[in-house]
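K.L.:
Using our numbering, the final residue of the sequence shown is 1804, and nothing's skipped along the way. I have a structure I would like to understand better, so I am pasting it below and will then ask my questions one at a time.
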Amino acid sequence: MSNESAFARARTVIPGGVNSPVRAYGSVGGTPRFLASARGPYVTDVEGREYVDLVGSWGPALLGHAHPAVVEAVQQAAARGLSFGAPTEAEVDLAAEIRTRVPAVERLRLVSTGTEATMTALRLARGVTGRDRVVKFAGCYHGHVDALLASAGSGVATLALPGTAGVSAAVASETIVLPYNDLAAVEAAFAQHGGTIAAVITEAAAANMGVVAPLPGFNAALARIAHEHGALLIQDEVLTGFRVGPGGWWGLEGAVEGWAPDLLTFGKVIGGGLPVAALGGRAEVMDALAPVGPVYQAGTLSGNPVATAAGLATLRAADAGVYGRVDAVAAELSAAVGAALAAAGVAHVVQHAGNLFSTVFGEQVAAAGGAHDYAQVLGTESWRYAPFFHSLLSAGVYAPPSAFEAWFVSAVHDDAAVSRIVEALPAAARAAAEAAPVG
Ligand code: PLP
């Protein structure tokens, strides 16, 4: 089986041949690699070709693929039964582990996807405030929740769609979209609509328009402004949670500065590669969820025992050594990306948020010292990314197939894996230098 024939067959039965749009290579062109297996820092495609992986299943693979402790926990849990639809002790263990790491989480509800987590957080915020409007930031992606797809990043940015068909005008009209990192815009929105805004939702650090860190004080000010107006702050840590540090982004910022969002959402790492996500926060707010309170939420597979076992084993293994290694690999690789691009004469900025990073291209953004919002990101020379990506791919390096995604490294990206990437970078940087705008 070749990647080509696998893709052709897939397109006859699955829209676009993929079950999530960015996998189709729409913005970089070419044939998506159909993967057959993954181990440690490597993935292998159906043609038997091995790549160093920089996608990491879009975040969950913090420990690398098929980590022995996680696989064993999953096998043991599976042998005890796949799904019960009744409470289990492991769910409580996972919730308690998360609360220990993020004390701002007094109560936690497990769901199956990040989309479900943010959707429920919104409903909860509306339920407890009795208000309908929500503030989100352009370029932030919170899953494919109807109300949150306006100016979303991730696949929506990749496809250059303004939003999506299929969302009613009524729903869209309840979302106020503001520029990221723009506190004046937030103040103005609250001055105008304050009494009707249920919540501000933000990525803890934006990583779905490429990586755009919050400016110092931005998240704290969001909490303050929201609270001054009786609204909630929802900090979406689906991507950053337990990846950028043991307590997620909040652990690096809010915990140090002494403030907390009302609700946080998690996903990716807390499932260790299986479908687990969660929302958590202040007990008073969380207890508005059914069966205690009036806000309904449920799930046949919520807290699934096999998925929960994977998440718990992942978090238990994610110790200081793991975070130290992920940080070190990210620092080494991002420096190597920058050095290769500089040597090839490509104006760029490698943008960081903790151990997450991505690159923006162009003289203008380089002169500005980086992009701080979605409009600036969209103004960059993102057409340089496709040849850069394909050069890496042909050298056995599997970078994200979109300029607007973070690069994910794992704790098992060892020296051999890192060297393969570093050796591939000069040619990729030359390909980026030779790129021409598309269309
Ligand atoms: N929130 C953020 C910040 C994300 O990055 C994502 C997914 O990439 C989601 C929510 C949605 O999660 P899921 O794809 O599990 O629905």
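Backbone N, C-alpha and C fix where the C-beta goes; we use that ideal spot for every residue, glycine too.
Near residue 1657, which residues of its chain fall below 7 Å by C-beta distance, leaving aside the five closest residues on each side in sequence?
P.N.:
Excluding sequence neighbours, residue 1657 sits near nothing in its chain.
K.L.:
Which partner residues does residue 1654 have in the DSSP bridge list?
P.N.:
Beta-bridge pairing links residue 1654 to 1660.
K.L.:
With a cut-off of 9 Å, does the C-beta of residue 1745 fall near any C-beta of chain D?
P.N.:
No chain D is present in this structure, which holds just one protein chain.
K.L.:
In the DSSP assignment, what are the bridge partners of residue 1631?
P.N.:
BP columns for residue 1631 point to 1643.
K.L.:
Of all the alpha helix (DSSP H) runs that stay within the bounds of the segment 1457-1529, which reach a length of 4 or more residues?
P.N.:
Taking only runs of at least 4 residues, the alpha helix (DSSP H) segments lying wholly in the segment 1457-1529 are 1479-1494, 1519-1523.
K.L.:
Could you tell me if residue 1557 is buried or exposed, where buried requires 16 or more neighbouring beta carbons within 10 angstroms of its beta carbon?
P.N.:
Exposed: under 16 other Cβ atoms inside 10 Å.
K.L.:
Quick check: what's the CA-CA separation for residue 1663 versus residue 1745?
P.N.:
About 42 Å.
K.L.:
Consult DSSP for residue 1541 and reduce its assignment to one of helix, strand or coil.
P.N.:
Residue state, collapsed to three classes: strand.
K.L.:
I'd like the span of the alpha helix (DSSP H) that includes residue 1673, first residue to last.
P.N.:
Per DSSP, residue 1673 belongs to the alpha helix (DSSP H) from 1670-1682.
K.L.:
Do you know offhand how far residue 1641's Cα is from residue 1624's?
P.N.:
So the two alpha carbons sit approximately 26 Å from each other.
K.L.:
Give the residues whose C-beta lies closer than 6 Å to at least one heavy atom of the ligand FAD, in chain order.
P.N.:
With respect to small molecules bound, the structure shown includes the ligand PLP and not the ligand FAD.
K.L.:
Which ranges would you report for the beta strand (DSSP E) in the segment 1588-1635 if only whole runs of at least 3 residues count?
P.N.:
Segments of the beta strand (DSSP E) lying fully in the segment 1588-1635: 1597-1601, 1628-1631.
K.L.:
Are there 16 or more other CB atoms within 10 angstroms of the CB of residue 1573, so buried, or fewer, so exposed?
P.N.:
Per the 10 Å Cβ criterion, buried.
K.L.:
Measuring alpha carbon to alpha carbon, tell me which of 1608, 1565, 1435 ends up nearest residue 1544.
P.N.:
That would be 1565, whose Cα lies nearest to the Cα of residue 1544.
K.L.:
Please state if the CB of residue 1652 and the CB of residue 1630 are separated by a distance shorter than 9 Å.
P.N.:
No; because the gap between Cβ atoms is not below 9 Å, this pair is not in contact.
K.L.:
For residue 1779, list the residues DSSP reports as bridge partners.
P.N.:
None, per the DSSP bridge assignment.
K.L.:
Provide the residue(s) that pair with residue 1564 in DSSP beta bridges, ordered along the chain.
P.N.:
Paired residue(s): 1499, 1597.
K.L.:
Where do the ends of the beta strand (DSSP E) carrying residue 1404 lie?
P.N.:
Unbroken beta strand (DSSP E) run through residue 1404: 1400-1404.
K.L.:
At a cut of 8 Å, does the segment 1423-1432 reach the segment 1633-1647 through at least three beta carbon pairs?
P.N.:
Touching, yes, given that three or more Cβ pairs across the two stretches are closer than 8 Å.
K.L.:
Can you list, in chain order, the residues of its chain with a C-beta nearer than 6 Å to that of residue 1528? Leave out the 5 residues immediately preceding and following it.
P.N.:
Excluding positions up to five away in sequence, the list reads 1514, 1515.
K.L.:
Within its chain, find whatever has a CB closer than 6 Å to the CB of residue 1568; leave out the 5 residues flanking it on each side and keep chain order.
P.N.:
Closer than 6 Å at Cβ, skipping near neighbours: 1505, 1601.
K.L.:
Could you please give me the residues that DSSP links to residue 1723 through a beta bridge?
P.N.:
Per DSSP, 1716.
K.L.:
Count the C-beta pairs between the segment 1605-1612 and the segment 1433-1450 that are closer than 8 Å, then say yes if the count reaches three, no if not.
P.N.:
No, they do not touch.
K.L.:
Just grab the DSSP bridge partners of residue 1377 for me.
P.N.:
In DSSP, residue 1377 forms no bridge with anything.
K.L.:
Would you identify the three-state DSSP class for residue 1391, choosing helix, strand or coil?
P.N.:
Coil.
K.L.:
Can you tell me which of 1389, 1698, 1369 puts its alpha carbon nearest to the alpha carbon of residue 1766?
P.N.:
Here the closest residue by C-alpha is 1389.
K.L.:
Looking at the structure shown, is residue 1438 part of a helix, part of a strand, or coil, going by DSSP?
P.N.:
Three-state result, residue 1438: helix.
K.L.:
Closer than 6 Å by C-beta to residue 1756: which residues in its own chain qualify, once you throw out the five before and the five after it? Chain order, please.
P.N.:
Result list for residue 1756: 1792, 1793, 1796, in chain order.
K.L.:
For residue 1497, which residues from the same chain have a beta carbon less than 7 Å from its beta carbon, with the 5 sequence-adjacent residues on both sides left out?
P.N.:
Closer than 7 Å at the Cβ level, and outside the excluded window around residue 1497, lie 1491, 1539, 1561, 1563.
K.L.:
On the DSSP bridge list, what partners appear for residue 1571?
P.N.:
In the DSSP output, where bridge partners are listed per residue, residue 1571 has 1577.
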